[in-house]
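Undergrad: Chains as they are written, first to last, in the working numbering: chain A, 10 to 204; chain B, 568 to 753.
Can you keep this structure in mind? I'll have questions shortly.
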């Protein structure tokens, strides 16, 4: 399956959540589906998307937070999985798109191409509710199950190493940053709200 | 064990109270000897969210998330933790204009006995300067409240990292050098 198909399939489910994405293809694809002020695109600082999600989730426990992470980024901050597990915010969903590749910088294979199992890493770090998905139906079901319930969840989605032609979006990163900060000062609504 | 170390609990309390007074509600930390009391104080405080990290750079992300949520935060780290966190500070906090209060234990500076702390101590201030991070030093408990408050104020207004070095005279109670004999009155 392709990451863009995954994002398309869950866009409505996550549209009111605070969404923090990693750089590159994931940012550009989410942006192409429709930018919202409650989406933040971390265009650098690889590895820290989940840490930003954690800080946000702990400070605003009534808001659903979704992190769109990648294998390259998670491998840069494997310890972050243990920190997520340690505090286990009930409102945080960590989605890892694993394309076994550093696609955005030329497609070099990551360690998941040679046997590293990020779902096992997440489970081993202490995120008990971790599932793997290799097809779109399983992925969408897993996302809906996580967003329909409570508790820290992690979904590792195996996706093809394909992305958009370019990574430039039409809003400036600082514009997005201030827009996101302003959106986070508003109370969450609809699917962005915890029960 | 912390109990055997002459880390100043009284001055740690002054620092902790100053952080609270400046509005800090999230503290991320990675333990080291000088920070044990501060971390314990955060842990015992039900009004504080303490995030124990695996690596200091994570704390930059936690603080960014807290800022987005409208909550003030601080990072408790050793100077080697600051060195560890630099990419997050540069390509996270500085790139995105994020306030960051770095409370850094000043290991490896004058009076340091642990050889393994000395190399990092040599570069802490110069790296802060190279990054353009405004920094100051905390030497005495009476200067702590105002400097912490001013550092937080600047971090928030400049949307930048500001660092306070918690120095040996503040954090360590062991008397290492006897004072020089007083000169006889002329």
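Note that CB positions come from ideal geometry on N, CA and C, so glycine has one too.
Taking DSSP as the reference, what is the three-state secondary structure of residue 733(B)?
TA: Counting from 1 along the second chain, the entry for residue 733(B) is found at position 166. Three-state result, residue 733(B): strand.
Undergrad: Is there a Cβ from chain A that is less than 7 angstroms from the Cβ of residue 648(B)?
TA: The residue given as residue 648(B) occupies position 81 in the second chain. Residue 648(B) has a beta carbon lying at 7 angstroms or more from every beta carbon in chain A.
Undergrad: Which chain A residues are close to residue 593(B), counting only those with a beta carbon under 9 angstroms from its beta carbon?
TA: Working through the second chain from its first residue, we reach residue 593(B) at position 26. The contacting residues are 64, 67, 68.
Undergrad: Quick one: which chain A residues come within Cβ less than 7 angstroms of residue 630(B)?
TA: On the second chain, residue 630(B) is found 63 positions in, with the first residue counted as 1. The answer, in chain order, is 64.
Undergrad: Near residue 3(A), what residues of its chain come up, given a Cβ to Cβ distance below 7 angstroms and the 5 sequence neighbours on each side ignored?
TA: Beyond the ends of chain A as shown, which are 10 and 204, falls residue 3(A); an answer cannot be given.
Undergrad: Can you give me the Cβ contacts of residue 37(A) inside the same chain, cut-off strictly under 8 angstroms, excluding the 5 residues immediately before and after it?
TA: The count along the first chain starts at 1 and reaches residue 37(A) at position 28. Result list for residue 37(A): 172, 173, 175, 176, 177, 178, in chain order.
Undergrad: With DSSP run on the structure shown, which of helix, strand or coil describes residue 137(A)?
TA: Indexing the first chain from 1 puts residue 137(A) at position 128. Three-state result, residue 137(A): coil.
Undergrad: Does the segment 127–135 of chain A come close enough to the segment 83–98 of chain A that 3 or more CB-CB pairs lie under 8 angstroms?
TA: Counting Cβ pairs under 8 angstroms, three or more are found: they touch.
Undergrad: Looking at chain B, which residues of the segment 77–97 of chain A have a Cβ within less than 7 angstroms of any of its Cβ atoms?
TA: 86, 88, 89, 91, 92, 95, 96
Undergrad: Taking just the CA atoms, how far does residue 201(A) sit from residue 780(B)?
TA: As shown, chain B starts at 568 and ends at 753. That puts residue 780(B) outside it, with no answer to give.
Undergrad: Beta carbon of residue 722(B), beta carbon of residue 713(B): below 7 angstroms?
TA: Looking up residue 722(B) in the second chain gives position 155. Looking up residue 713(B) in the second chain gives position 146. In terms of Cβ geometry, residue 722(B) and residue 713(B) do not form a close pair [threshold 7 angstroms].
Undergrad: From the DSSP output, in three-state form, read off residue 651(B) for me.
TA: Position 84 of the second chain, counting from 1, holds the residue named residue 651(B). Correct three-state label for residue 651(B): helix.
Undergrad: Pull up the distance between the alpha-carbon of residue 114(A) and that of residue 593(B), whole angstroms please.
TA: Locating residue 114(A) in the first chain gives position 105, counting from the first residue. Locating residue 593(B) in the second chain gives position 26, counting from the first residue. Between residue 114(A) and residue 593(B), the C-alpha separation is close to 34 angstroms.
Undergrad: Pull up the distance between the alpha-carbon of residue 18(A) and that of residue 64(A), whole angstroms please.
TA: Residue mapping note: residue 18(A) aligns to position 9 of the first chain, counting from 1. Residue mapping note: residue 64(A) aligns to position 55 of the first chain, counting from 1. Straight-line Cα distance between these residues: approximately 27 angstroms.
Undergrad: Give a yes or no on whether the C-beta atoms belonging to residue 732(B) and residue 671(B) are separated by under 7 angstroms.
TA: What you label residue 732(B) is simply residue 165 of the second chain in a count that begins at 1. What you label residue 671(B) is simply residue 104 of the second chain in a count that begins at 1. Yes, the pair counts as a contact, with Cβ atoms nearer than the cut-off.
Undergrad: Beta-carbon separation of residue 119(A) and residue 77(A) under 7 angstroms?
TA: Translated into positions along the first chain, residue 119(A) becomes position 110. Translated into positions along the first chain, residue 77(A) becomes position 68. No, the pair does not count as a contact, with Cβ atoms beyond the cut-off.
Undergrad: Which residues does DSSP pair with residue 50(A) in a beta bridge?
TA: Locating residue 50(A) in the first chain gives position 41, counting from the first residue. DSSP lists 30(A) as partners of residue 50(A).
Undergrad: Could you tell me whether the Cβ of residue 590(B) comes closer than 7 angstroms to any Cβ of chain A?
TA: Here residue 590(B) is taken as the residue at index 23 of the second chain, counted from 1. With 7 angstroms as the cut-off, residue 590(B) does not count as an interface residue toward chain A.
Undergrad: Listing by chain order, which chain A residues have their CB less than 7 angstroms from the CB of residue 658(B)?
TA: Here residue 658(B) corresponds to residue number 91 of the second chain, with the count starting at 1. Chain A residues near residue 658(B): 53, 54.
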